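In our numbering, the protein residues as written are 203 to 439. For glycine and all other residues, C-beta sits at the position ideal for the given N, C-alpha and C. Here the structure is a predicted model, which is why all the values come from computation and not from measurement. Structure, as structure tokens:
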Amino acid sequence: MKNVRSARGRYATSEVTRLKLIASAEEAVARHGIGGVSAREVSKAAGLSNTAAVSYHFGSMGDLLKQVLVTRMEKMDEIRARLIEENGTPLSECAIHTLVEYICLPHVIFAKTNEGRTTYQSFVCQYLPHIYPNGSPWNLGPESASSPNMSRIALELKIKMRDLPDEIFNRRMFNIMVLFCNFLRTLPPSSLFPPDIDEASTMIGDTIAQCTALLCATPDVPEALRSMIVDDANSHI
């Protein structure tokens, strides 16, 4: 029995350390960008004397950053599940704007429960373009297992927009995520609480409307750009 308690204690301690490293990595990337962060600095910022803690608990810095995304996506998806349940309307019957709200609003709620801090949203703006430079697949690859509701929403959007080529759909899903997170991280923490919340709500609603318009736009090449391409091609003949 003593050995069992000891093993449980070690597991609990290890889990606490992992969470410290996840929070530290998120903060570091949010502040300094992907290229400005090292495993040693993350360990030190987490208050750990063992500078090899990242390697011990995650294997590599890349694996730690992926775990930041997975861990936060799990939290987001819990919020998403609540929103879907409270609405009560099957996803197949929801308007595209409502589905986009399900994608975006969990970020606001998560930031609000985090005292208005948006380090995760800043992390997303740094990490997603780094790991998916050409736009992420709509199910966010292997991380989709941690966010089944996000995958359900994305699948429903894909069904509603079946005429949109996969490549364009994937890039637009990627773009609305980065667009909304980039907007949210510009808000001061106080804006998500009274008395500033009314003004912030208007801006949040407008940004969600922009995301919806971005997702639904008809693919086209502007005539001016088409002319530039033709002129450039002719100049090389």
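Going by the CB atoms, is the gap between residue j and residue i shorter than 7 Å?
i    : j    : result
I378 : C418 : no
N384 : R282 : no
P308 : M275 : no
T315 : E229 : no
S429 : R387 : no
P421 : I370 : yes
V302 : I410 : yes
M236 : Q328 : The sequence shown places Ile at residue 236, rather than the Met named in the question. Result yes, Cβ atoms of I236 and Q328 sit closer than 7 Å.
V270 : S348 : no
A313 : L266 : no
Measuring CA to CA, which of the options is closest to residue i?
i    : options             : result
D408 : P396, E425 and L381 : L381
A241 : T253, G249 and T291 : T253
S216 : M375, Y258 and A227 : Y258
R374 : L416, I355 and F395 : L416
S251 : T219, V239 and K268 : T219
Would you kindly work out how many angstroms separate the C-alpha atoms of residue i and residue j, rounded to a whole number?
i    : j    : result
L389 : H234 : 18 Å
N372 : G337 : 6 Å
A255 : P331 : 26 Å
R284 : I305 : 12 Å
A247 : S392 : 25 Å
T402 : G318 : The sequence given here has Ala at residue 402, not Thr. Roughly 12 Å between the two C-alpha positions.
P397 : A232 : 27 Å
E243 : M405 : 36 Å
I298 : R364 : 13 Å
L221 : D400 : 34 Å
V239 : Y334 : 19 Å
P367 : I355 : 18 Å
F376 : S245 : 30 Å
K268 : S353 : 18 Å
E288 : G249 : 40 Å
E280 : I286 : 10 Å
C296 : G290 : 10 Å
S294 : V326 : 28 Å
E425 : F395 : 45 Å
Requested in this report: Indicate whether the contact test is met: 3 or more Cβ pairs, each with one atom in the stretch 354-366 and one in the stretch 260-272, closer than 8 Å.
Outcome: They do not touch, by the three-pair rule.
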